[in-house]
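Here the structure is laid out as structure tokens; the discussion comes afterwards.
There are 2 protein chains.
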Amino acid sequence: MTFNTALDSIKTYEAGLPIELVVREYGIKENEVVKLASNENPLGASKNAINAIIQAAQNAHLYPDDSMYALKEGLAKHFNIPNNTLIIGAGSDQIIEFCIHAKANHTSKILMAKTTFAMYEIYAKAVGAEIIRTPSHTHNLQEFLECYKIHKPAVIFLCIPNNPLGECLGSKEVFDFLKHIDSNCLVIIDGAYQEYAKAKDSNKALDPKALIDTFSNVIYTGTFSKAYGLGGMRIGYGIANVEIIQALSKLRPPFNITTPSLAAAIAALKDEEHIQKSMQNNLEQMPLFEDFAKQNSFNFTPSYTNFITYYFETPLDSKEISEHLFKKGMIVRNLTSYGLNAIRITIGTPKQNEKFFTLFNTYLKKK
Amino acid sequence: MTFNTALDSIKTYEAGLPIELVVREYGIKENEVVKLASNENPLGASKNAINAIIQAAQNAHLYPDDSMYALKEGLAKHFNIPNNTLIIGAGSDQIIEFCIHAKANHTSKILMAKTTFAMYEIYAKAVGAEIIRTPSHTHNLQEFLECYKIHKPAVIFLCIPNNPLGECLGSKEVFDFLKHIDSNCLVIIDGAYQEYAKAKDSNKALDPKALIDTFSNVIYTGTFSKAYGLGGMRIGYGIANVEIIQALSKLRPPFNITTPSLAAAIAALKDEEHIQKSMQNNLEQMPLFEDFAKQNSFNFTPSYTNFITYYFETPLDSKEISEHLFKKGMIVRNLTSYGLNAIRITIGTPKQNEKFFTLFNTYLKKK
Numbered sequence: 000m001t002f003n004t005a006l007d008s009i010k011t012y013e014a015g016l017p018i019e020l021v022v023r024e025y026g027i028k029e030n031e032v033v034k035l036a037s038n039e040n041p042l043g044a045s046k047n048a049i050n051a052i053i054q055a056a057q058n059a060h061l062y063p064d065d066s067m068y069a070l071k072e073g074l075a076k077h078f079n080i081p082n083n084t085l086i087i088g089a090g091s092d093q094i095i096e097f098c099i100h101a102k103a104n105h106t107s108k109i110l111m112a113k114t115t116f117a118m119y120e121i122y123a124k125a126v127g128a129e130i131i132r133t134p135s136h137t138h139n140l141q142e143f144l145e146c147y148k149i150h151k152p153a154v155i156f157l158c159i160p161n162n163p164l165g166e167c168l169g170s171k172e173v174f175d176f177l178k179h180i181d182s183n184c185l186v187i188i189d190g191a192y193q194e195y196a197k198a199k200d201s202n203k204a205l206d207p208k209a210l211i212d213t214f215s216n217v218i219y220t221g222t223f224s225k226a227y228g229l230g231g232m233r234i235g236y237g238i239a240n241v242e243i244i245q246a247l248s249k250l251r252p253p254f255n256i257t258t259p260s261l262a263a264a265i266a267a268l269k270d271e272e273h274i275q276k277s278m279q280n281n282l283e284q285m286p287l288f289e290d291f292a293k294q295n296s297f298n299f300t301p302s303y304t305n306f307i308t309y310y311f312e313t314p315l316d317s318k319e320i321s322e323h324l325f326k327k328g329m330i331v332r333n334l335t336s337y338g339l340n341a342i343r344i345t346i347g348t349p350k351q352n353e354k355f356f357t358l359f360n361t362y363l364k365k366k
Numbered sequence: 000m001t002f003n004t005a006l007d008s009i010k011t012y013e014a015g016l017p018i019e020l021v022v023r024e025y026g027i028k029e030n031e032v033v034k035l036a037s038n039e040n041p042l043g044a045s046k047n048a049i050n051a052i053i054q055a056a057q058n059a060h061l062y063p064d065d066s067m068y069a070l071k072e073g074l075a076k077h078f079n080i081p082n083n084t085l086i087i088g089a090g091s092d093q094i095i096e097f098c099i100h101a102k103a104n105h106t107s108k109i110l111m112a113k114t115t116f117a118m119y120e121i122y123a124k125a126v127g128a129e130i131i132r133t134p135s136h137t138h139n140l141q142e143f144l145e146c147y148k149i150h151k152p153a154v155i156f157l158c159i160p161n162n163p164l165g166e167c168l169g170s171k172e173v174f175d176f177l178k179h180i181d182s183n184c185l186v187i188i189d190g191a192y193q194e195y196a197k198a199k200d201s202n203k204a205l206d207p208k209a210l211i212d213t214f215s216n217v218i219y220t221g222t223f224s225k226a227y228g229l230g231g232m233r234i235g236y237g238i239a240n241v242e243i244i245q246a247l248s249k250l251r252p253p254f255n256i257t258t259p260s261l262a263a264a265i266a267a268l269k270d271e272e273h274i275q276k277s278m279q280n281n282l283e284q285m286p287l288f289e290d291f292a293k294q295n296s297f298n299f300t301p302s303y304t305n306f307i308t309y310y311f312e313t314p315l316d317s318k319e320i321s322e323h324l325f326k327k328g329m330i331v332r333n334l335t336s337y338g339l340n341a342i343r344i345t346i347g348t349p350k351q352n353e354k355f356f357t358l359f360n361t362y363l364k365k366k
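Right, dumping it as structure tokens:
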């Protein structure tokens, strides 16, 4: 059977390895496996959100309220924006997918940083669009502007802060950049890790309301998967002007959020204390990872997220390191598929991090 | 901002109205609202599935096992097929979306019955494909064959049994039909209500294994949303030959199922007793709806699903009827958007059905 030619160039996304796999393959007990691979909140979800899921379990047979009224109300209040500037997705990934399908096709170009979230490319390739990347791995807005002028892309991706490298553009430079972009070019600002950036440095905080009040062509995407500790529930959102939201809404399948997910997100949004605790853990633990890198002479980019990326030089090899750790029940993310000799480690609890340092130290001493 | 022209023709899917809306708009207590609008299992989910969700709530922060190993193992055993002939979706809707995106584009034609599941058209329009419909509302394979020969569609949809009308093609006639279809035409057999059809008449039961063993170009889609009582959890699956599964897998976003959904589906699949109870309730209650229709001289198609569709003649109007019932806390599905003066009612519990008959009788007496 023949398929659309766009499929030929798509490589399936390489997801972080699940705990189940270590259990299955190496017989390590489930509660002894530490996963620092997918930037999940190591403190888990808010207790209120967990309770909301437990309550909602009784309604597992019922489709969710497809208007997502209560969640939109909560987000509108949180960001001080009108309800109709919001769209809800199964993770912010799905909002990105809607954007690509609404705006791009096989005649379009899509601009992104050299090393950024892999799903941008996968969604772009699914519609046959051409991908343009800046020369530098990390985000450099001067390069973005030069590429923009040459290629006139239909869509630009800015990942702020950037996954998987951790660097973060500042709010002021982003606003300055956006002034140079034509109003028919859709700029997607992926704010999946914004809560972490904001907690570290207020100059990095992007205000979605200010963004969409100033620019008609910008969509800000956020997620409950990271700071809110609901990675397993698949809830994200997009914030943009009504014209964009209406177009994307045509592509949103009904009931794209599960009934418990909707309840969990509504509850999580109200638990500001849990967010504070999560930020505190991250801010306290991140310097230990920086110190570890310095002690071992690994390069790293100062991170505004809940992960850090270590770059290696031969003879150290990220694939070998991540496989070694994996067999010991420690899952980190090898970045070979991004063309880097690097690993990305999620900042865990003090206990999880201690285990990581111990296992990695043992490995390094044997080398 | 301009968008892809395909969006111009898309109307947003009109989902069944949620209980929350009746509560918000008419102040009726949540536990007094009866929803017979979205073909959810009125007995709810299996207790085992509910317990699995409650357990999984503790892991809400963790992404699911993206290989979906355990669920695929369960489905493979259930259908006596290899693991690699399976793909999991956020409802079978998502499998349908993958199929359209893999196989169709703005140059393609897609063939379906005149009145069938609305999402086929929405997904088809999203890629700009041309929609061809058979002359008859219900499925007629002779008409399908004639349309096929004239239009040479890239994709054919067979909804067996058909939503929203309830009729059901037989297994033998489907196999006979498929012999006439070229192996490069993807035939999607939507089996969302197959469990109900099989329970009523074994001649209607389609065996996915026999289908894919015989035809390389057929995909069978199934769901946990109906008989399995997990409509709010969004889990469906596709069964096809490896070549098709591999192509669709390129379009599957990572983590397209929530962590509790995965656990719930695995548990639900093991609770055969709950399915039996659900089928028994449906088989016992359906004749009451047929009797009610006869008493009131409504036309209806004998249904092989968990819903029944009543057709009205003026002065009875489906919009007015469904709005009247809605205000009384009884939600049914008005089919005006399908171009029919008809309502679709889910077969509920005896108590729910009794309430429907009482409310509708009161309305009819006043007319």
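Keeping their order, the protein sequence lines are chains D and Z. Going by numbering that gives the first Met the number 0, the residue at position 277 of the first sequence is 276; the numbering climbs one at a time, nothing skipped. Going by numbering that gives the first Met the number 0, the residue at position 171 of the second sequence is 170; the numbering climbs one at a time, nothing skipped. Note that CB positions come from ideal geometry on N, CA and C, so glycine has one too. Predicted model, so just to flag it, every value in this text is computed and none were measured.
From which residue to which residue does the beta strand (DSSP E) around residue i run?
| i | result |
| --- | --- |
| Z:F156 | 154-158 |
| D:T345 | 341-345 |
| Z:M111 | 108-111 |
| Z:I238 | 235-238 |
| D:L185 | 185-189 |
| Z:E129 | 129-132 |
Contact criterion: CB-CB distance below 9 Å. Does residue i meet it with respect to chain Z?
| i | result |
| --- | --- |
| D:R332 | no |
| D:E194 | no |
| D:N82 | no |
| D:K108 | no |
| D:A75 | no |
| D:P152 | no |
| D:K34 | yes |
At a CB-CB cut-off below 9 Å, which residues of chain D make contact with residue i?
| i | result |
| --- | --- |
| Z:E289 | Under the 9 Å cutoff, chain D gives no residues; its nearest Cβ is about 24 Å from Z:E289. |
| Z:P252 | Y12, A89, G90, D92, Q93, E96, M118, I121, Y122 |
Can you find a C-beta in chain D that's less than 9 Å from the C-beta of residue i?
| i | result |
| --- | --- |
| Z:L157 | no |
| Z:L20 | yes |
| Z:K364 | no |
| Z:E272 | no |
| Z:Y68 | yes |
| Z:R132 | no |
| Z:R233 | yes |
| Z:E242 | yes |
| Z:R23 | yes |
On the DSSP letters alone, give me the boundaries of the alpha helix (DSSP H) that residue i sits inside.
| i | result |
| --- | --- |
| Z:G221 | Note, Z:G221: premise wrong, no alpha helix (DSSP H); beta strand (DSSP E) at 217-222. |
| Z:L324 | 317-326 |
| D:V21 | 18-25 |
| D:T11 | Looking at the DSSP string, D:T11 is not in any alpha helix (DSSP H), and its letter there is neither H nor E. |
Which residues in chain D sit within 8 Å of residue i, going by Cβ to Cβ distance?
| i | result |
| --- | --- |
| Z:F97 | Those do not exist, as Z:F97 stays about 10 Å from chain D at its closest Cβ, beyond 8 Å. |
| Z:F2 | A101, K102, A246 |
| Z:G228 | A59, H60 |
| Z:S215 | M0 |
Quick one: grab the DSSP three-state call for residue i.
| i | result |
| --- | --- |
| Z:M67 | coil |
| D:M0 | coil |
| Z:V33 | strand |
| Z:Y227 | coil |
| D:Y310 | strand |
Using the beta-carbon of each residue, which ones in chain Z are nearer than 9 Å to residue i?
| i | result |
| --- | --- |
| D:E39 | H60, L61, Y62 |
| D:T348 | Going along chain Z, no residue has its Cβ under 9 Å from D:T348, so there is no contact; the nearest lies around 12 Å. |
| D:T258 | G230, G231, M232, R233 |
For a contact defined as C-beta to C-beta under 7 Å, what are the partners of residue i on chain D?
| i | result |
| --- | --- |
| Z:Q57 | I49 |
| Z:K249 | L6, I9, T11 |
| Z:T27 | According to the sequence shown, residue 27 of chain Z is Ile rather than Thr. Correct list: empty, because the minimum Cβ distance to chain D is about 15 Å. |
Under the rule that 16 or more other beta-carbon atoms within 10 Å means buried, what is residue i, buried or exposed?
| i | result |
| --- | --- |
| Z:G90 | buried |
| D:A209 | exposed |
| D:T11 | exposed |
| Z:S336 | exposed |
| D:D189 | buried |
| D:L282 | exposed |
| Z:Q141 | exposed |
For residue i, go through chain A and note every residue whose CB falls closer than 7 Å to its CB, in chain order.
| i | result |
| --- | --- |
| D:D65 | Protein chains D and Z are contained in the structure displayed, whereas chain A is not. |
Applying a beta-carbon distance threshold of less than 7 Å, which residues of chain Z neighbour residue i?
| i | result |
| --- | --- |
| D:A263 | A59 |
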